[in-house]
Amino acid sequence: MNVDHSGQVCSTWGNFHFNTFDGQFFQLPYTCNYILATMCDSTMSDFNIQMRRKYTSNLPTISSFTIKLEGVVIRLTDGIITMNEEKVDIPSYQFGVRIERTTSYIKISSNKLELAVFWDEQNSLSVEIPTKYRNQTCGLCGDFNGIKINEFIMNGELSLNHFDQVCATLKRAECEKLLVDVASGSCLSLLPMAGFVEACIKDLCQCNSSQAECLCDTLSEYSRQCAHAGGQPQSWRTNELCVAAESGSSGNRSRGTGFNVFMPFVLCVSVCSDGRWNCRKLNCPGTCFLHGGAHITTYDGKSYTFHGNCHYVLSKVTITECIKSKPIVLSLILPNPVHCTFYCKYLRDMLFVSGQYRGCGSIGAFITVFRPSTYFIIAHTPSLQLVIQTVPVMQLYIVANSQNKGNLSGLCGNFNDVQIDDFKTILGLKEGTAATFANTWKAIPNCPDVPNSNQNPCIMSVEKEKYAKEWCNMLIKPDGVFSSCHAEVNPNDYKDRCVYDTCNGAKSEESMCAALSSYVYACAAKGIQLHGWRNHTCGKITILDCPGNMQYSYSRTSCGSTCRSLSGIDYTCKVKHTPVDGCGCAEGTYLNDKDECVSDSSCPCYYNNQVVAPSQVISVDECFYFLFFLPLPICCVLQESMHCTSGCVCPNGLLADGNGGCVQEDSCPCVHNGVSYQPGETVQEDCNTCTCRNRTWSCTHKECPSTCSIYGDGHYTTFDGRRYSFSGNCEYTLAQDYCSNSFTGSFRVITENIPCGTTGTTCSKSIKIFLGNKELLLTDEKINEVLYDNGTEIPYKIHTVGIYLVVEAKNGLVIFWDKKTSLQIKLKASFKGKVCGLCGNYDGNGKNDFVTRVGEEVVEPLEFGNSWRVSSTCPKASGFNRPCDLRPEREAWAVKHCSIIKSDVFSSCHASVDPTPYYDVCVQDTCACDSGGDCECFCTAVAAYAAACSEQGACISWRTPTICPLFCDYYNSPDGCEWHYKPCGQPCMKTCRNPSGVCFNAIPPLEGCFPQCPQETPFLDEEKMKCVKICEGQLLFYTYFSFNYYIIFFYIIIFLAYNTSHSYLCYLNEKVQQTTLK
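Per my numbering, the sequence shown starts with residue 19, numbered consecutively.
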């Protein structure tokens, strides 16, 4: 909806009618090829739009038009659309130009130029351009200078059309009545009717056909332009006038009625309630995965990689009182995770598993251990289930039931449905990286801490990398053997882990097969059985290795598969578990104690652990006493260790401080992100302050805001911390509080990517912020405001802070835009669970962030992203390509430059913010920018990591004169020195837009150019980028007079008072005079 419609749209329709950008109506009844609009007095025009009419059945129609947008040529001839001489299908998006069709028109637009052309596929054509082209255009659409009368001034004379004045007098009343019938109160106030009345009169006076047929085009055009201006035209067609099929609802009309035509955005998106998924959240168990010995996925879905060399607590109950049968699970992770040993320690029973199975059946009263296949061992308890994979590489799955929610801790997280706090340690703070987090969960305290490791194992061997990518890419093939599971389990993370492990493992094939099998297990857990995948790979080391007369199966369970199960209760039948693959006995045979498959007649019997051979007869004594076993009571301890070691210890009452000394307990330091803090010292975690007391952190409990970030070529981190990549060419809803069919929201943020380069990577963004009754458009490094009649007034402020444009609203919404591709949206805690869009739902649980517009939870970023298109006619994104695979010759340059993220320059941040994902994104985006913007893509990626470091309190000065420099001296006067670069500048300064220097919300330190304004000029004028003594509040009055067609403008600008002196400037015919009044 465009409230400035009359000043930005030029249109032509029907009987050779034209309406210029400035609102001048005229007729040009010829069939030549005409320039509608282009830039004059410019060596390189951004656009050139031409059109031609022809007669069809004695009626004028648009036969062809040509649009040239920055070198891209779109032509329509005889109904065929071409782009750079290549035929295109609709919808289409190429070279930054979108072509889409609705029921009412075809729209051709360029978001970068903010230009759009609308064609109704008959005889109406409209051009919409932004105000930045004012006074720069020429052609039939006029000069766009805001003055109607000089559109046709040539050689000092005015040329206007004249027609039969008698006819005009007779037809005027009729035309006015017809147009009033089309219009409503909103149309009359938004769109002047006078020009259309004149066009209607000309139609009636010049028409050779029936009056009704002649009127339709102009009435339709007024209806279209009214809708474009934000109005709601009436239902004006009848059985006698301009008949058209309609649905009966004024909100859904067929082509030609004009309603909803040119409607670029509707604030309240209406979705049929029957077509929306209303999901109920079940209390489901959580699963922690340990893949390849180094990749851990927590119960809440947070994935990380850690190579340790100690025993670590994977998962344990956070014990507050003595509880029976609560498990503690520990795992030994070796640097080479090919043959690992898992120790499973229980408070009442102990089972050791070392690559070989050590017995089966029920152990004690609470644990059942069995082997469903030769590849897996399952240990089941009432509250926990361990699934241990032994072939080809040991991997572990821990399934905790919902009763454990919020009561667990360890490397597997706390199982509270909140991803972002999974790195919280026993001391009470969240660690920044996997290594600093894992080091706090050592089961043997004197093991050395493992440093952060960001090395990619594939760089060590080109051959291994090639082998890994070739086989692991099978996981993501859209028509491959794993594709039937893609909709339930996203294969991309599994593919990346597969490549990593295949390069890292001593036996590449075994590591690769283990990684593939982990995806198969995840799919089986979702109810999808993948069959036949070993026919393509991994068959020779698994299927062909079945011992004895066992047979391989893709789906095995355990119930009734052993000789023991024939003699008594089979406890495994009571255990529900995910079907697994592997070797086992064929149907009709049973596994005996010698791991042989035999018939039931060859199975022995079992009585009280006594083996009875087939045909053997025994006598069973009666039981004279009812006896039962009761283990000794246990004591709760804060920490348990797997091993005791000899060495020097502190005397009783003292504790080791970790530096070789012994101290009192209340003098013990606290550790955070690898740094030791003394008692009483504080650190900041989000908006809370934490103080070290008695070895733990005591923190305030404020509700902190959360940030969603987008940067580069579509790299997102949601409010709940979920990272993903999605790059589309439409407008998308980033965040809004109009969710679940709610029409009472307060904001909506929409963005559109502007691509560049042959790979289609993004070079800049256009951002729309709908805030109450206002729309703010951020594009071309500036901001424009549109005011609507409806909606609530929400106060907001705009700041220029360093390289960022900051928009902060009083309702708790803050937008940070670097005027290119980086965007952060910060919301206060009161919005929790009330938002939706590409930034997720802000409920703390990153696993459920991929909820589509209709309420369905999906796993693929592509499906999720496409669902949040503003317009369903815009073509869907088809996938996310890895640019370095498309442009391998650029990878070496990208790797070399992006290595700064992992270098010593950022070393003080590495323990707080994991650099690996930022480095990976940097490499890919730098590969993608191949049209002279490679440095800009690289700089954006590095700046994103620096901004994340700044949020965590690590201020990094990384820019140099040769690496992404910012030339702040540009703003200094020849002898001045006010402006300087700061990596973490003052967020709220005294400016002319914000004289108080106070912000609505907490703004983090941002990088960029900042002035040191002296006391005598304390305010920053953000328009002039200078420190000033007083700020100018401008009131602009203008008028114009017409005399011999010369225009004279008077501008009066009044400045605010400062002390007793009043200054003002008078602009008269572009001459400036300044006067001071005492």
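Beta carbons are placed, not taken as given, at the ideal position from N, Cα and C, and that holds for glycine.
As the structure is a prediction and not an experimental result, all values here were calculated from the model.
State the start and end residues of the unbroken beta strand (DSSP E) segment that holds M69.
F65 to T74
Simplified DSSP assignment, three categories, for E528:
helix
Using alpha carbons as the reference points, say which of T95, I98, F44 and N33 lies closest to Y73.
N33
For T958, which residues in the same chain have their Cβ closer than 8 Å to its Cβ, ignoring the five residues on either side in sequence?
Y729, G730, D836, K838, T839, S840 and D943
Whether Y989 touches Y963 by CB criterion (9 Å):
no
Nonlocal neighbours in the same chain, by C-beta distance under 8 Å from S968, ignoring five residues either side:
I974, P1001, C1002, P1022, P1023, L1024 and E1025
I'd like the span of the beta strand (DSSP E) that includes V90, first residue to last.
V90 to T95
For C854: DSSP bridge partner residues
Q754
At the level of alpha carbons, what is the spacing between P509 and F744?
15 Å
So for A929, helix, strand or coil by DSSP?
coil
Since C705 and C722 should fall inside the 8 Å C-beta cutoff, what is the C-beta to C-beta distance between them, to a whole number of angstroms?
4 Å
Does the Cβ-Cβ distance between R871 and T769 come in under 9 Å?
no
Evaluate the contact criterion for the segment 236-250 versus the segment 62-78: three or more CB pairs, one atom per stretch, below 8 Å.
no
Three or more beta-carbon pairs under 8 Å between the segment 47-62 and the segment 154-163, yes or no?
yes
What does the alpha-carbon distance come out to for the pair S917 and P475?
15 Å
Determine the burial state of P496: buried for a count of at least 16 other Cβ atoms within 10 Å of its Cβ, exposed for fewer.
exposed
Quick check: what's the CA-CA separation for I672 versus L845?
Per the sequence presented here, residue 672 reads as Leu, with Ile not at that position. Going by the C-alpha atoms only, they are around 46 Å apart.
Count the other CB atoms within 10 Å of the CB of I395; is the residue buried (16 or more) or exposed (fewer)?
buried
Alpha helix (DSSP H) containing F834: first to last residue?
That residue, F834, is in no alpha helix (DSSP H); its beta strand (DSSP E) goes L831 to W835.
Pick from E528, C1010, V517 and T1035: whose alpha carbon is nearest that of Q407?
E528
Taking 8 Å as the limit between beta carbons, can you name the residues of its chain near D318, skipping five residues before and five after?
G304, G431, N432, F433, N434, D435, V436, Q437, D440, N863, G864 and K865
Looking at the secondary structure, which residues open and close the alpha helix (DSSP H) in which H325 lies?
It is not in any alpha helix (DSSP H) - H325 carries neither H nor E in the DSSP assignment.
Apart from the five residues just before and just after N270, which ones in its own chain have a Cβ nearer than 6 Å to its Cβ?
Confidence at N270 is low in this model, with a pLDDT of 37, below 50, so its placement is unreliable and no value can be given for it.
Applying the criterion that 16 or more other CB atoms from any shown protein chain within 10 Å of the CB defines a buried residue, is F761 buried or exposed?
exposed
Under the DSSP definition of a beta bridge, which residues are partnered with C717?
C708
Applying the criterion that 16 or more other CB atoms from any shown protein chain within 10 Å of the CB defines a buried residue, is Y625 buried or exposed?
exposed
Tell me which residue opens and which closes the beta strand (DSSP E) that S110 is part of.
S110 to Q112
Please name the residue or residues paired with P78 in a DSSP beta bridge.
Y73
Going by the CB atoms, is the gap between T520 and W551 shorter than 9 Å?
no
Any heavy atom of the ligand NAP closer than 8 Å to the beta-carbon of T958?
As for the ligand NAP, it is missing from this structure, which has no ligand bound.
Taking buried to mean at least 16 other C-beta atoms within 10 Å of its own C-beta, is F985 buried or exposed?
exposed
Given 8 Å as the limit, is there contact between the segment 575-594 and the segment 605-623, that is, 3 or more CB pairs closer than that?
yes
Element boundaries [beta strand (DSSP E), containing C58]
First-last for C58: undefined, no H or E at that position.
Can you tell me whether C680 is helix, strand or coil according to DSSP?
strand
Given a cut-off of 9 Å, decide if C748 and T735 are closer than it, judged by their beta-carbon atoms.
no
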